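Its first residue numbered 0, the sequence shown is counted upward by one per residue in the working numbering. From the three backbone atoms N, C-alpha and C, an ideal C-beta is built for every residue, glycine too. It should be emphasised that the depicted structure is a prediction, and the values quoted were computed from it without experimental measurement. Down below is the structure, laid out as structure tokens.
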Amino acid sequence: MFNEIKLEILEAVDLMVVKTIYADVQPYIKSYTFEDDISLEVTHRAFCEIDALLKLSRYVKISDNIFILLDLKEWSDYLELFLYRCKPDFV
């Protein structure tokens, strides 16, 4: 993995940075469909070391963009994160 991109883990309430880690971030397209035909399209995925702070529905910041963690897969020695970019006016 190429852990070159700074990924800031944010507190859900006030979006303050809790921890900074580095990840390999890639463009990625995958749709998640929920009840009432609500669909969200994941635009990026990230590969990083396993960290207890990374949980579903946690917010992360990459550059000036804020993402919500829609899904994650834990592999033997790393995490695969599926990220949905929030609207720019979210913050």
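Ala-45 counts as buried, since at least 16 other C-beta atoms from the protein chains shown sit within 10 angstroms of its C-beta. When rounded, the separation of the alpha-carbon atoms in Lys-54 and Tyr-21 is 16 Å. Pairwise C-beta distances place the segment 65 to 81 in contact with the segment 19 to 35, as three or more of them are shorter than 8 Å. Within 10 angstroms of the beta-carbon of Ile-67 lie 16 or more other beta-carbons, which makes it buried. Of the candidates Asp-76, Ile-49, Lys-60, Ser-56, the residue whose Cα lies closest to the Cα of Asp-70 is Ser-56. Per DSSP, the continuous beta strand (DSSP E) segment holding Tyr-21 begins and ends at 16 to 33. Ranked by Cα distance from Cys-47, the first of Met-15, Pro-87, Thr-19 is Thr-19.
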